[in-house]
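So the sequence lines, in the order shown, correspond to chains A and B.
Going by numbering that gives the first Met the number 0, the residue at position 70 of the first sequence is 69; the numbering climbs one at a time, nothing skipped.
Going by numbering that gives the first Met the number 0, the residue at position 176 of the second sequence is 175; the numbering climbs one at a time, nothing skipped.
Ideal placement from N, C-alpha and C gives every residue a C-beta, glycine not left out.
Please read the structure below before turning to the comments.
Protein chains: 2
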Amino acid sequence: MPVIRVAIAGFGGVGRATANLLLARRNRYRHVYGAEIRLVAVCGSRSGLADANGLEPDRLDAPEPGLSGPDFIEASGADILIEAGPSDFRTGGPGLAYIRSALSAGRDAIVISKGALVHSGPDLRALARSSGAMLKLSGATAAALPTIDLIEHSLKGCEVLEIEGILNATTNYLLDAMMNEGLGFDEALGRAQAGGFAEADPRNDTEGWDTASKLILIANFGLDEGLTMDDLAVEGIQSITEQHVAAWRSQRLVPKLVGSLVRSDGATRATVGVRTYPPSDPLAHVSGKDKAIRITTDAMGETVAIGSGTEPLATAAAALKDLEHILTARAARAIAGSGGDA
Amino acid sequence: MPVIRVAIAGFGGVGRATANLLLARRNRYRHVYGAEIRLVAVCGSRSGLADANGLEPDRLDAPEPGLSGPDFIEASGADILIEAGPSDFRTGGPGLAYIRSALSAGRDAIVISKGALVHSGPDLRALARSSGAMLKLSGATAAALPTIDLIEHSLKGCEVLEIEGILNATTNYLLDAMMNEGLGFDEALGRAQAGGFAEADPRNDTEGWDTASKLILIANFGLDEGLTMDDLAVEGIQSITEQHVAAWRSQRLVPKLVGSLVRSDGATRATVGVRTYPPSDPLAHVSGKDKAIRITTDAMGETVAIGSGTEPLATAAAALKDLEHILTARAARAIAGSGGDA
Numbered sequence: 000m001p002v003i004r005v006a007i008a009g010f011g012g013v014g015r016a017t018a019n020l021l022l023a024r025r026n027r028y029r030h031v032y033g034a035e036i037r038l039v040a041v042c043g044s045r046s047g048l049a050d051a052n053g054l055e056p057d058r059l060d061a062p063e064p065g066l067s068g069p070d071f072i073e074a075s076g077a078d079i080l081i082e083a084g085p086s087d088f089r090t091g092g093p094g095l096a097y098i099r100s101a102l103s104a105g106r107d108a109i110v111i112s113k114g115a116l117v118h119s120g121p122d123l124r125a126l127a128r129s130s131g132a133m134l135k136l137s138g139a140t141a142a143a144l145p146t147i148d149l150i151e152h153s154l155k156g157c158e159v160l161e162i163e164g165i166l167n168a169t170t171n172y173l174l175d176a177m178m179n180e181g182l183g184f185d186e187a188l189g190r191a192q193a194g195g196f197a198e199a200d201p202r203n204d205t206e207g208w209d210t211a212s213k214l215i216l217i218a219n220f221g222l223d224e225g226l227t228m229d230d231l232a233v234e235g236i237q238s239i240t241e242q243h244v245a246a247w248r249s250q251r252l253v254p255k256l257v258g259s260l261v262r263s264d265g266a267t268r269a270t271v272g273v274r275t276y277p278p279s280d281p282l283a284h285v286s287g288k289d290k291a292i293r294i295t296t297d298a299m300g301e302t303v304a305i306g307s308g309t310e311p312l313a314t315a316a317a318a319l320k321d322l323e324h325i326l327t328a329r330a331a332r333a334i335a336g337s338g339g340d341a
Numbered sequence: 000m001p002v003i004r005v006a007i008a009g010f011g012g013v014g015r016a017t018a019n020l021l022l023a024r025r026n027r028y029r030h031v032y033g034a035e036i037r038l039v040a041v042c043g044s045r046s047g048l049a050d051a052n053g054l055e056p057d058r059l060d061a062p063e064p065g066l067s068g069p070d071f072i073e074a075s076g077a078d079i080l081i082e083a084g085p086s087d088f089r090t091g092g093p094g095l096a097y098i099r100s101a102l103s104a105g106r107d108a109i110v111i112s113k114g115a116l117v118h119s120g121p122d123l124r125a126l127a128r129s130s131g132a133m134l135k136l137s138g139a140t141a142a143a144l145p146t147i148d149l150i151e152h153s154l155k156g157c158e159v160l161e162i163e164g165i166l167n168a169t170t171n172y173l174l175d176a177m178m179n180e181g182l183g184f185d186e187a188l189g190r191a192q193a194g195g196f197a198e199a200d201p202r203n204d205t206e207g208w209d210t211a212s213k214l215i216l217i218a219n220f221g222l223d224e225g226l227t228m229d230d231l232a233v234e235g236i237q238s239i240t241e242q243h244v245a246a247w248r249s250q251r252l253v254p255k256l257v258g259s260l261v262r263s264d265g266a267t268r269a270t271v272g273v274r275t276y277p278p279s280d281p282l283a284h285v286s287g288k289d290k291a292i293r294i295t296t297d298a299m300g301e302t303v304a305i306g307s308g309t310e311p312l313a314t315a316a317a318a319l320k321d322l323e324h325i326l327t328a329r330a331a332r333a334i335a336g337s338g339g340d341a
């Protein structure tokens, strides 16, 4: 049975959940793909573990200091990299070096953190194309919510005219608190931070950058656009006032922070800002940790998807969906490669 | 450029819309798949057209009597059959012979009408497997709404625990009229029939058989189940009374006819009947022609999809999505086949 070696760079909650789910599904991989999947390396920013014979779950609690970095991952002999490190769209974050290293060597990369993809998406895509490696990012766009999947698979053949996405949980939480409990923005934020629903520095979420990052990934990888952050008009929810809230309440409208993209006459316009929905719109009921996307196409009209998986498991499952798509493609390649022997 | 020949059996509104969309997308197929797609035959129950050089849109208005039947389609030299005839799950309908004929000869089949698939799904699947033909059915399960797509692609790797689907437009219309306009079932039905929203014999819709048919297809082709109509407990909306409606209204619940499937402890339980949803549930807002499915999996939680395309275009687009998946698979096969020459 062929062995396929996987390494995970970035070993916080999501990386760890991905490792556990990967190991728990090894029988499935044997059965469905006829392949033995081995986790040969994991690492965080300062420590890691590697074993060419495969790491078992019980060893993952004791990473060894100093085992980290792209060279460490390369030395593990991994065929596929899963990148799950901290995300920074302004620098690309630590993931960028790992992803570059993997793709340059022709190794497939499954990317969970958005930073590197927003920062250097077109470069990484070009690198993957030139080396023949696959680059997948289901976990980066909105965890378990299918986004690029829908465009590439379920709506295949249709022209995408418009996309609107509710892609950020923190702003869902804050807007709900402001609308339903009469809290002001600062008060809602304080409560969210106390409850662990918002970061200490919440601006990436509240000012719309997280939503913008996800929208850029959907556009660039799902629609072959070449957007950068500079192309987007981004507004957050930080300047919403009591007056806004009162007006929306009186009109029975529900506000959401929405990333939207409209294509017409060959041009693409992408924005992030608050939109309001009447209660009859399914998007009005997307709250808390749920995320949603509405895609309008020429031939299939509107398609809405709403996802509500539990983190970090849902994101891990999204990354491992990518793994199965890679395994499927590798199986097709293997058939192609064996054609000469037939 | 390789030529791929398509035939369409069943040439009512959906068959015709599929032909038009197929012909309108020929440039796309050349560009994306490097293939020339030719529509070499179309037929209804009594008349048809065939041309090995390909039919153009202007000829489709004048079918010739007597050109019909599986032998006519086989003689056209089609590589791929699109079946869009009338649906009858009790007999398999006229589509069954066309699909059997195509799959037996190793030709791929894209099926839009449900009848044959509900009647002989496992047989047809086995036939396809033994001949190496592909059998696709996106247009049959709920038009543009992604159902099997979601299970096979977007939720890949996850275990499906539960499915609930709002899959029938006629019952959406009737329940809306009963809830919002105070009409009784018979009164609502009369109005729906007058407006063209219900058939003269509406029982296939109102008694739940259409929903049950779609649920069986999703289960058998998406989850590899082997359900027949006898395995389902099917209740429709025909016995809903004013008392039911009054109770739901007072509780602010919204009724929908739902096909549901629950898998636990190795057993699958499938039912069709009315379920009620609170207004906070996105499914409460699926009405009119919209359709929806909620799929619960072990690792991704709940995923909801809502589709609202315009017929017959949306169903045509669903069938041609299947065509593109077949073209992709054929391209992979061609690479495999050419491996020997490399």
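Asked                                                                                                                        : Found
Within chain A, partners of B/GLU301 - CB distance below 7 Å                                                                 : SER307
Sheet register partners of B/ARG37 (DSSP bridge)                                                                             : B/ARG4
Proximal residues to B/GLU151 (C-beta, below 8 Å), its chain only, five neighbours per side dropped                          : GLY221
Contact set between B/GLU323 and chain A, taken where Cβ atoms lie within less than 9 Å                                      : LYS155, GLY156
Beta carbon proximity, B/SER259 to chain A, threshold 8 Å                                                                    : no
Distance, A/ARG15 Cα to B/VAL41 Cα                                                                                           : 55 Å
Boundaries (first-last residue) of the beta strand (DSSP E) holding B/THR275                                                 : 266-276
Where A/ILE236 sits in the DSSP three-state scheme                                                                           : coil
Chain-ordered neighbours of A/PRO281 on chain B, where CB pairs are closer than 7 Å                                          : PRO281, HIS284, ILE305
Proximal chain A residues relative to B/LEU312, where beta-carbon distance stays under 7 Å                                   : ALA298
C-beta neighbour in chain A for B/LYS320, strict 8 Å                                                                         : yes
CB of A/GLY91 within 8 Å of CB of A/ALA115, strictly                                                                         : yes
Buried or exposed (CB count within 10 angstroms, at least 16 for buried), A/ASP321                                           : buried
Cβ-Cβ distance between B/LEU371 and B/ILE165 below 8 Å                                                                       : Past the edges of chain B, shown from 0 to 341, lies residue 371 of chain B, and the structure says nothing about it.
Unbroken alpha helix (DSSP H) run spanning A/ALA18, endpoints                                                                : 12-23
Contact list for the segment 76-91 of chain A against chain B, Cβ threshold 9 Å                                              : none
Proximal residues of chain B, C-beta to C-beta of A/HIS243 below 7 Å                                                         : Chain B residues near A/HIS243: none, gap ~22 Å exceeds 7 Å.
8 Å contact criterion, which B/GLU206 and B/GLY235 should meet: CB distance rounded                                          : 4 Å
Close Cβ partners of B/VAL13 (< 7 Å) along its chain, the five nearest in sequence each way excluded                         : ALA83, ILE111, PRO311, THR314, ALA315
Contacts of B/ARG24 in chain A (Cβ-Cβ under 8 Å)                                                                             : GLY156
For B/LYS320, the residue or residues it bridges with in DSSP                                                                : According to DSSP, which records beta bridges pairwise, B/LYS320 is partnered with nothing at all.
Under the three-state DSSP convention, the category B/SER279 falls into                                                      : coil
Cα-Cα separation, B/ALA104 to B/VAL257                                                                                       : 38 Å
Under 8 Å between C-beta atoms of A/THR309 and B/GLY156                                                                      : no
Chain A within 8 Å of B/ASP107, Cβ atoms only                                                                                : no
Beta-carbon contacts of B/MET0 that lie in its chain and below 8 Å, excluding the five residues immediately before and after : ARG29, GLY33, ALA34, GLU35
Cβ of B/LEU174 within 8 Å of any chain A Cβ                                                                                  : no
Min CB distance A/LEU252 to chain B below 8 Å                                                                                : no
Pair within 8 Å by beta-carbon distance, B/GLY65 and B/SER46                                                                 : yes
Where B/ASN203 falls, given that 16 or more other Cβ within 10 Å makes a residue buried                                      : buried
Same chain, Cβ closer than 6 Å to B/PRO62, five either side skipped, listed in chain order                                   : SER46, GLY47, LEU48
A/ASP148: contacting residues in chain B (beta-carbon distance under 7 Å)                                                    : HIS152, SER153
Outcome for B/THR302 when other beta-carbon atoms lying within 10 angstroms are tallied against a minimum of 16              : buried
Pair within 8 Å by beta-carbon distance, B/ARG99 and B/LEU134                                                                : no
Partners in chain B for A/ALA104, counting only beta-carbon separations shorter than 7 Å                                     : The premise fails here: A/ALA104 is roughly 23 Å from chain B at the closest Cβ pair, so nothing lies under 7 Å.
8 Å contact criterion, which B/ALA141 and B/LYS213 should meet: CB distance rounded                                          : 6 Å
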